[in-house]
Amino acid sequence: MAVILDGKKIASDIKAELKESIRKLKSEGKTVPGLVAILVGDNPASKVYVSSKSKDCEEIGIKSKVESLPEDTTEDELLNLIRKYNNDPEYHGILVQLPLPGHIDENRVIETIVPSKDVDGFHPQNVGNLVIGKDTFYPCTPYGIVEILKRYDIETSGKHVVVVGRSNIVGKPVANMMLQKKEGANSIVTVCHSAAKDLSRFTKEADILIAAIGRPKFIKASMVKEGAVVIDVGINRIEDKTTKSGYRLVGDVDYEEVFEKASYITPVPGGVGLMTRAMLLRNTFEAYQKIMGN
Ligand code: NDP
């Protein structure tokens, strides 16, 4: 039976730590960190994400602002708004909620955010710094995963980390972070994707298995080594007539099965998702510290 890696508790600890730091700044009469979230269009999921991020900010004392733009906003209008915030000293973090409407080039948008305010860690300069082990902003989900391992004192050095998924927001950055020659990483890393012919051949070798696939309950107990640490990034809605909403959230890991075999496991919900939100706050605070020079 596994120990449950309690993302809710760690996220709440991180928020409390940040709240205390911001309280101190205020008491010293200093400006506080600021985050602007830019939302384009009416995507309901994006609206929920942005509103929860802004609520998180308020809870710990980060100044937050939401710029809601209509669906037909032009790329130039959006880029100009980003440039305005690049030069606004009250906002230290800029977040553009993805996905964007089809007529806007996401890459151009990401590249327009000044790297020092890129709290999502998606700017190519920050991605490059991550790969070569330089100071950077880590994308929030991978940063949250590394923080969970750290706070539970899980040994990573020399361990075989197998990541299933190679997206730019989860799979690739977490693989690169675990590869770095530094404390809390220094792992032997394998990255798998949909071209793997026999996925379980790789997953069964994992001391630490990170699933970022987007397929409900895809990782079965038979694919996991006895005593492995299992990190489930997936957030999938499945139909469940017993709930009020008619659905429930499950991860990419078959939790009930794998729980019996793993040494540690993250639940869904209550695992990586809450950490992602907390690490955005941490990144905003770090952006503030870098910009203010402390
Ligand atoms: P993507 O769809 O961008 O990437 C999924 C990856 O899984 C791809 O690399 C894909 O391979 C791989 N894959 C798909 N099917 C298989 C298979 N049968 N065998 C092996 N690999 C496979 O997803 P994301 O990385 O954005 O997200 C992954 C999951 O994590 C989703 O459920 C998402 O909702 C969740 N998520 C959760 C977050 C959180 O805060 N907890 C944050 C971000 C995402 P290929 O590249 O070959 O297509």
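When you line the sequence shown up against the UniProt record's numbering, it's residues 1 to 294, in that order. Virtual Cβ for every residue (Gly too), placed ideally from N, Cα, C.
Practice prompt. Note down the Cα distance separating Lys15 from Glu58, rounded to an integer number of angstroms.
Written response: Those two C-alpha atoms are separated by around 11 Å.
Worksheet item: Is DSSP giving Leu149 helix, strand or coil here?
Response: helix
Worksheet item: Taking 7 Å as the cut-off, does the CB of Ala206 come closer than this to any heavy atom belonging to the ligand NDP?
Response: no
Worksheet item: To which residues of the same chain is Tyr152 closer than 7 Å at the C-beta, ignoring the five residues directly before and after it?
Response: Leu5 and Tyr264
Worksheet item: Quick one: is Thr276 buried, meaning 16 or more other Cβ sit within 10 Å of its Cβ, or exposed?
Response: buried
Fill in: Closer than 7 Å: Ser222 CB and nearest the ligand NDP heavy atom
no
Item to complete: Could you name the residues of the same chain whose beta carbon sits closer than 6 Å to that of Lys159, not counting the 5 residues immediately before and after it, in chain order?
Response: Correct list, in chain order: Ser187, Asp207 and Ile208.
Fill in: Among Ile113, Met177 and His123, nearest to Tyr143 - alpha-carbon criterion
Of the residues Ile113, Met177 and His123, the one whose Cα lies closest to the Cα of Tyr143 is Met177.
Discussion item. Taking 8 Å as the cut-off, does the region 169-185 touch the region 134-143 (at least 3 CB pairs, one atom from each stretch)?
Written reply: Counting Cβ pairs under 8 Å, three or more are found: they touch.
Item to complete: Could you check the C-alpha separation between Val162 and Ile210 for me, to the nearest Å?
Response: 6 Å
Worksheet entry | Helix, strand or coil at Gly234 according to DSSP, with G and I counted as helix | coil
Worksheet item: Looking at Gly246 and the ligand NDP, is the gap between the Cβ and the nearest heavy atom below 7 Å?
Response: no
Practice prompt. Please confirm if the region 76-94 is in contact with the region 9-28, defined as three or more CB-CB distances below 8 Å between the two stretches.
Written response: no
Practice prompt. Whole angstroms is fine: what's the gap from Lys204's alpha carbon to Ile231's?
Written response: 14 Å
Worksheet item: DSSP state of Arg166, grouped into three classes?
Response: coil
Worksheet item: Is Leu95 closer than 8 Å to Leu109 when the C-beta atoms are compared?
Response: Strictly speaking, residue 109 in this sequence is Val, with Leu absent from that position. It is not a contact, given that the beta carbons lie outside the stated cut-off.
Discussion item. Quick check on this structure: which residue in Arg166, Glu256 and Gly214 has the alpha carbon closest to the alpha carbon of Arg237?
Written reply: Closest option to Arg237, Cα to Cα, is Gly214.
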